[in-house]
Amino acid sequence: MHRKASFALFDSGETILSALVFSTFFPLYITKHISAETYSLLYGFSFLGSFFVALLLGWIADRRGLRKPFFVFFSLLTALMSGVLGASYGIPYLALAVFLILAVSHQQAFVFYNTLLLNFRARGETSGYGVALGYVGSAISLLLLAKYLKDPEVYYAVAVLFLLLSSPAMLTLPNPASGGDIRLSEVLKDRKFIFFIVCVLSMTEVANTLIAMIGVYLREVYSLRDEQIYRVIGLSALGGVAGGVFWGKMAELTGVRRVFPAGFAMWSVLLFALPFVPESFILLLGLCFGFALSHLWTTGRVFLLEQFGQETASMRLSFLSLTERIASTTGLTLWAFLLHMTDGNFRLSAGFMGIFPLLGGVLYFTKVFPLRRLS
């Protein structure tokens, strides 16, 4: 049990870092000195660069058994760069350069962190605990820490918290066994895997769009005040905690191959129903969306590890990480297009977003695991 707790604590620390640094404090600071467009472009390029770095290091890690050493190195580097970011706060362009290094380091740490799931037999349950604690970390960050931390002290505080919460995994979890000498070209030729990544994208793009736009949606459609919006988002975090535990248990009881496809139906139904939800059901809706988000984060990485071989785990997980980042761009672009096509109708646009996970489900059941092969 202590190993599961060690694994899950990193998820909590990673979420605190993401919520406070990547989503809140640094964007608000740096966009006072450079345009939001320039910042978004550079941040996006950091993800692309991180992907190629992860592919190279993932191949090395899989071949030479360096999964945990890379995890430890990049976790320590992430904590260090967060502290350096605080020290460079008064020099905007230097702070931006440090931030981009931090972003790349954070992505590498998370890729190799996910490979540590190979140490567990109950991977679904362990992944679910991590997602649940991640939601707890997010709630603590936004409801408690964000009120009392200021620039640049927030970066020092996050560095310490991230180091403390990642230390148990660094100290107690063993290094997963090394894989084989399999090249990137062989992974790219795996059509089933590529289709799986596209399927994940179909759900992740609507999930990331929801995360980014839920506050605006609630304000425009239901005329909710800020405190009411925070309450809905808070309940979604509670749904995420419950969902992480539930989906993890279900993955163990029935197999992740049976649990993962539930996301296609769940996201489609929620989005198709969203335009018809009355204000009196908004809090329940927040719980449901948190529950759906936890399904994606809990089962996706476990499904990849168990269905596509452990030999190339690090390389394949780099694709999953990139998919999550691409989804933010594609999802928001699709949302903007739908708003334009519906003349700013938020309800109708949200309903149309349900088409994408539905298409992902069709692709999954025709190209990844056809229905006749599920029995």
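The sequence shown: position 99 = 264 (my numbering), numbered continuously. Cβ coordinates follow ideal geometry from the N, Cα and C atoms, glycine included. Bear in mind that the values here come from a model prediction, so they are computed numbers and not experimental data.
What is the C-beta distance between Ala478 and Leu283, in whole angstroms, given that I count them as a contact (C-beta under 8 Å)?
As a first step, residue 478 is located in the sequence shown; it is residue number 313 there, counting from the start. As a first step, residue 283 is located in the sequence shown; it is residue number 118 there, counting from the start. The beta carbons of Ala478 and Leu283 sit about 6 Å from each other, so the pair counts as a contact at 8 Å.
Quick check on Ser540: buried or exposed, where buried means 16 or more other Cβ atoms within 10 Å of its Cβ?
Translated into the one-based positions of the sequence shown, residue 540 becomes position 375. Low per-residue confidence applies at Ser540: pLDDT is 48, beneath 50, and the placement is therefore not dependable enough to give any value.
Considering only their Cβ atoms, is the gap separating Ile398 from Gly302 smaller than 8 Å?
The sequence position of residue 302 within the sequence shown is 137, counting from 1. The sequence position of residue 398 within the sequence shown is 233, counting from 1. In this structure, Gly302 sits away from Ile398, with a CB-CB distance that is not shorter than 8 Å.
Can you give the Cα-Cα distance for Ile394 and Ile347, rounded to whole angstroms?
Here residue 394 is taken as the residue at index 229 of the sequence shown, counted from 1. Here residue 347 is taken as the residue at index 182 of the sequence shown, counted from 1. So the alpha carbons of these two residues sit roughly 48 Å apart.
Between the alpha carbons of Pro440 and Leu450, how many angstroms are there, rounded?
Here residue 440 refers to the residue found at position 275 when the sequence shown is read from its first residue. Here residue 450 refers to the residue found at position 285 when the sequence shown is read from its first residue. About 12 Å.
Answer yes or no: do Tyr529 and Ile447 have a C-beta to C-beta separation smaller than 8 Å?
Position 364 of the sequence shown, counted from the start, is the residue given in the question as residue 529. Position 282 of the sequence shown, counted from the start, is the residue given in the question as residue 447. It is not a contact, given that the beta carbons lie outside the stated cut-off.
Going by other Cβ atoms of all chains shown within 10 Å of its Cβ, with 16 needed for buried, is Phe429 buried or exposed?
As a first step, residue 429 is located in the sequence shown; it is residue number 264 there, counting from the start. Buried is the call here.
Please classify Val527 as buried or exposed, where buried requires at least 16 neighbouring CB atoms within 10 angstroms.
Along the sequence shown, one-based indexing puts residue 527 at 362. Counting Cβ neighbours within 10 Å, Val527 comes out exposed, since fewer than 16 surround it.
Can you give me the Cβ contacts of Leu487 inside the same chain, cut-off strictly under 6 Å, excluding the 5 residues immediately before and after it?
In the sequence shown, counting from the first residue as 1, residue 487 sits at position 322. Excluding positions up to five away in sequence, the list reads Phe216.
Figure out for me which residue from Ala501, Asp355 and Lys414 has the closest Cα to the Cα of Gly289.
Taking the sequence shown and counting its residues from 1, one reaches residue 289 at position 124. Checking every option, the nearest Cα to that of Gly289 belongs to Lys414.
May I ask you to verify whether the stretch 314–331 touches the stretch 247–254, counting CB pairs closer than 8 Å and requiring at least 3?
Counting C-beta pairs with one atom in each stretch, the stretch 314–331 and the stretch 247–254 have three or more that are closer than 8 Å, which means they touch.
Just the Cα atoms here: how many angstroms apart are His167 and Leu482?
What you label residue 167 is simply residue 2 of the sequence shown in a count that begins at 1. What you label residue 482 is simply residue 317 of the sequence shown in a count that begins at 1. Spanning the two alpha carbons is a distance of roughly 25 Å.
Out of curiosity, what's the CA-to-CA distance linking Leu298 and Ala184?
Position 133 of the sequence shown, counted from the first residue, corresponds to residue 298. Position 19 of the sequence shown, counted from the first residue, corresponds to residue 184. Rounded to the nearest angstrom, the two C-alpha atoms are 14 Å apart.
From the DSSP output, in three-state form, read off Tyr254 for me.
Sequence index remark: in the sequence shown, residue 254 carries index 89 (1-based). The answer is coil: DSSP assigns Tyr254 none of H, G, I, E or B.
Between Pro339 and the rest of its own chain, which residues show a CB-CB distance below 8 Å, the 5 nearest in sequence each way excluded?
Translated into positions along the sequence shown, residue 339 becomes position 174. For Pro339, where only same-chain residues beyond five positions count, the Cβ hits under 8 Å are Lys233 and Asn284.
Restricting to runs no shorter than 4 residues, where is the alpha helix (DSSP H) found entirely within the stretch 267–305?
The qualifying runs are 288–305.
Relative to the C-alpha of Tyr321, which candidate in Leu524, Ala438, Thr243 and Pro535 has its C-alpha closest?
For the purposes of this step, residue 321 is taken as residue 156 along the sequence shown, with counting starting at 1. Nearest option by C-alpha distance: Thr243.
Can you tell me whether Ser171 is buried or exposed? The criterion is at least 16 other CB atoms within 10 Å of its CB, across all chains shown.
Taking the first residue of the sequence shown as position 1, residue 171 is located at position 6. So Ser171 counts as buried.
Could you tell me whether the Cβ atoms of Val269 and Val218 are closer together than 8 Å?
Position 104 of the sequence shown, counted from the start, is the residue given in the question as residue 269. Position 53 of the sequence shown, counted from the start, is the residue given in the question as residue 218. Closer than 8 Å, so yes.
Give me the residue from Arg384, Phe361, Gly420 and Asp508 with the minimum Cα distance to Lys532.
Translated into the one-based positions of the sequence shown, residue 532 becomes position 367. For Lys532, the closest of Arg384, Phe361, Gly420 and Asp508 by C-alpha to C-alpha distance is Phe361.
Please report how far the alpha carbon of Asn279 lies from the alpha carbon of Phe191, in whole angstroms.
Looking up residue 279 in the sequence shown gives position 114. Looking up residue 191 in the sequence shown gives position 26. Spanning the two alpha carbons is a distance of roughly 26 Å.
My parser needs the alpha helix (DSSP H) runs of 4 or more residues fully inside the stretch 349–395; what are they?
349–353 and 356–387
Tell me which residues share the same chain as Glu385 and place their Cβ nearer than 6 Å to its Cβ, disregarding the 5 neighbours each side in the sequence.
Residue mapping note: residue 385 aligns to position 220 of the sequence shown, counting from 1. Closer than 6 Å at the Cβ level, and outside the excluded window around Glu385, lie Phe511.
Taking the alpha-carbon positions, what's the Pro333 to Ile520 distance?
Working through the sequence shown from its first residue, we reach residue 333 at position 168. Working through the sequence shown from its first residue, we reach residue 520 at position 355. Between Pro333 and Ile520, the C-alpha separation is close to 42 Å.
Run the CB neighbour count on Phe468, radius 10 Å, all protein chains shown included, and call it buried at 16 or more, exposed below.
Translated into the one-based positions of the sequence shown, residue 468 becomes position 303. Per the 10 Å Cβ criterion, buried.
Quick check on Phe210: buried or exposed, where buried means 16 or more other Cβ atoms within 10 Å of its Cβ?
Along the sequence shown, read from residue 1 onward, the residue named residue 210 stands at position 45. Phe210 is exposed by the Cβ-count criterion.
Would you mind sorting Ile199 into buried or exposed? The rule is 16 or more other CB atoms within 10 Å of its CB.
In the sequence shown, counting from the first residue as 1, residue 199 sits at position 34. It is exposed - the Cβ of Ile199 has fewer than 16 other Cβ atoms within 10 Å.
Looking only at C-alpha atoms, which of Gln475, Leu400 and Pro535 sits nearest to Asp227?
By one-based count along the sequence shown, residue 227 stands at place 62. For the residues Gln475, Leu400 and Pro535, the minimum Cα distance to Asp227 belongs to Gln475.
Candidates Leu504, Ala515, Ala402 and Glu392: which alpha carbon is nearest Val113's?
Limits of the chain in this structure are 166 at one end and 540 at the other, which puts residue 113 out of reach.
Give the range of the alpha helix (DSSP H) segment to which Phe190 is assigned.
By 1-based counting over the sequence shown, the position of residue 190 is 25. Here Phe190 belongs to no alpha helix (DSSP H), and DSSP marks it neither H nor E.
Compute the beta-carbon to beta-carbon distance between Leu504 and Met518, rounded to the nearest angstrom, for a pair I have assumed lies under 8 Å.
As a working mapping, residue 504 is identified with position 339 in the sequence shown. As a working mapping, residue 518 is identified with position 353 in the sequence shown. Between Met518 and Leu504 the Cβ distance is about 11 Å, and since that is not below 8 Å, they are no contact.
Using beta-carbon positions only, say whether Phe454 and Gly404 come within less than 8 Å of one another.
Walking along the sequence shown from the start, residue 454 turns up at place 289. Walking along the sequence shown from the start, residue 404 turns up at place 239. Result yes, Cβ atoms of Phe454 and Gly404 sit closer than 8 Å.
Helix, strand or coil: which one does DSSP assign to Ala219?
Translated into the one-based positions of the sequence shown, residue 219 becomes position 54. Residue state, collapsed to three classes: helix.
Tell me the rounded alpha-carbon separation between Ala427 and Gly255.
Sequence index remark: in the sequence shown, residue 427 carries index 262 (1-based). Sequence index remark: in the sequence shown, residue 255 carries index 90 (1-based). Whole-angstrom Cα-Cα distance: 48 Å.
Exposed or buried, which one is Leu458 when buried takes at least 16 other CB atoms within 10 Å?
Looking up residue 458 in the sequence shown gives position 293. Leu458 should be labelled buried.
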